[in-house]
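Structure, as C-alpha cells:
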Amino acid sequence: AQKITQTQPGMFVQEKEAVTLDCTYDTSDQSYGLFWYKQPSSGEMIFLIYQGSYDEQNATEGRYSLNFQKARKSANLVISASQLGDSAMYFCAMRDFPNTGNQFYFGTGTSLTVIP
Amino acid sequence: DTGVSQNPRHKITKRGQNVTFRCDPISEHNRLYWYRQTLGQGPEFLTYFQNEAQLEKSRLLSDRFSAERPKGSFSTLEIQRTEQGDSAMYLCASSQLGGPFYGYTFGSGTRLTVV
Numbered sequence: 003a004q005k006i007t008q009t010q011p012g013m014f015v016q017e018k019e020a021v022t023l024d025c026t027y028d029t030s031d032q033s034y035g036l037f038w039y040k041q042p043s044s045g046e047m048i049f050l051i052y053q054g055s056y057d058e059q060n061a062t063e064g065r066y067s068l069n070f071q072k073a074r075k076s077a078n079l080v081i082s083a084s085q086l087g088d089s090a091m092y093f094c095a096m097r098d099f100p101n102t103g104n105q106f107y108f109g110t111g112t113s114l115t116v117i118p
Numbered sequence: 059d060t061g062v063s064q065n066p067r068h069k070i071t072k073r074g075q076n077v078t079f080r081c082d083p084i085s086e087h088n089r090l091y092w093y094r095q096t097l098g099q100g101p102e103f104l105t106y107f108q109n110e111a112q113l114e115k116s117r118l119l120s121d122r123f124s125a126e127r128p129k130g131s132f133s134t135l136e137i138q139r140t141e142q143g144d145s146a147m148y149l150c151a152s153s154q155l156g157g158p159f160y161g162y163t164f165g166s167g168t169r170l171t172v173v
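Chains as they are written, first to last, in our numbering: chain A, 3 to 118; chain B, 59 to 173.
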C-alpha cells in the first residue's frame, strides 16, 4: 500500500511568493516521523524539516514550515519567500518507528520551479 | 565532517557486466543505508547496516545484488549480471543510532546506466 502520496507532479511559483507542497500519508502506527527532502539536479537528497507524530507544534526551519494535520494525515510543506535556488524536486518521507523504523518511505516527489 | 561520499558518480555498463559502487559514510555514523531511485520515483529502500552487520534487506534486493560493510566503515554495493532494469540512481545514506529522530545524510548518488 502506498504510504506517502504526493499529488502534485509539478508546481510553479513566482519568486518571493509562498508555495505549499502537498503530502498525505498512511499508517496505523501512533509513533512516526515525517520528513521533507529537497533533491536538486545534482542528485543529493538534502534534509529540510522533520515532524514527529507526537509534536503538537508545527515544525519550522527558517523559510520552511510543515503544516501537520494529524487527523487528515497530511504533512504539507510551506516554503515562504521563494528563491530561484528553491527550484528542485521535493520529496515527502515517513518512518513509522515500531514496524519499519529502519527505512523511509518516500513519495513520488513534486518538481518545483521558481519563476523570476 | 565531509558528508557522505559515493563513487563513482556515473557508471555506464553493458548488460551482463558486474558493477560495484562504494559509499563512505560520515565517520561517526554507525548506520548505513542503500536506496535505489528510478526516474520519476522517490527513493526505495534496499538494505541497511548497523556497523558491519547487514540487518535488513528489501525484497527489491535480488540475488544479483550484494552489499557489504567490512569493519563497519565504507560500504560496497555490487550488482552482478546487470540488466537494463537496473538503470537507476543508487543513493547511500548514513545516520547515528538512537533517538526518535535520526535523519539521514545522503550522498550525491551513483547514476547507473545499463546499455
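Even glycine gets a Cβ: it sits at the ideal position worked out from N, Cα and C. The model shown is predicted, which means the values in this text are computed figures rather than measured ones.
Between the CA atoms of residue j and residue i - distance to the nearest angstrom
i: Val-80(A); j: Asp-82(B); result: 33 Å
i: Gly-130(B); j: Leu-90(B); result: 9 Å
i: Gly-111(A); j: Asn-76(B); result: 30 Å
i: Ala-61(A); j: Met-13(A); result: 22 Å
i: Pro-101(B); j: Gln-85(A); result: 25 Å
i: Gln-71(A); j: Ala-111(B); result: 38 Å
i: Arg-117(B); j: Val-116(A); result: 38 Å
i: Gly-61(B); j: Gly-161(B); result: 13 Å
i: Leu-104(B); j: Asp-121(B); result: 12 Å
i: Gln-41(A); j: Gly-98(B); result: 12 Å
Below-9 Å beta-carbon distance, residue i vs any chain A residue
i: Gly-143(B); result: no
i: Gln-154(B); result: no
i: Gln-99(B); result: yes
i: Leu-170(B); result: no
i: Leu-149(B); result: yes
Proximity winner among the options, relative to residue i (alpha-carbon distances)
i: Ala-83(A); options: Thr-7(A), Gln-8(A), Lys-5(A), Val-21(A); result: Val-21(A)
i: Phe-79(B); options: Gly-98(B), Glu-86(B), Met-147(B), Thr-163(B); result: Met-147(B)
i: Thr-168(B); options: Gln-138(B), Gln-154(B), Ser-145(B), Leu-119(B); result: Ser-145(B)
i: Ser-76(A); options: Trp-38(A), Asp-88(A), Pro-118(A); result: Trp-38(A)
i: Thr-134(B); options: Ile-70(B), His-68(B), Trp-92(B); result: Trp-92(B)
i: Gln-108(B); options: Pro-128(B), Thr-71(B), His-68(B), Lys-69(B); result: Pro-128(B)
i: Ala-73(A); options: Ser-55(A), Arg-97(A), Thr-9(A); result: Ser-55(A)
i: Thr-7(A); options: Ala-95(A), Glu-63(A), Asp-31(A), Gly-45(A); result: Ala-95(A)
i: Thr-140(B); options: Leu-170(B), Gly-165(B), Ser-166(B); result: Leu-170(B)
i: Pro-11(A); options: Glu-17(A), Asp-24(A), Glu-19(A); result: Asp-24(A)
Chain B contact for residue i (CB, 9 Å cutoff)
i: Gln-105(A); result: yes
i: Gly-87(A); result: no
i: Gly-64(A); result: no
i: Thr-22(A); result: no
Beta strand (DSSP E) segment containing residue i, residue limits
i: Asp-98(A); result: 90-98
i: Phe-14(A); result: 12-16
i: Ala-77(A); result: 76-81
i: Asn-147(B); result: Here the sequence assigns Met to residue 147(B), which means Asn is not the residue at that position. Where Met-147(B) is concerned, the enclosing beta strand (DSSP E) stretches over 146-153.
Inter-residue CB distance, residue i and residue j (contact presumed, cutoff 8 Å)
i: Cys-150(B); j: Gln-95(B); result: Not confirmed; about 12 Å, so no contact.
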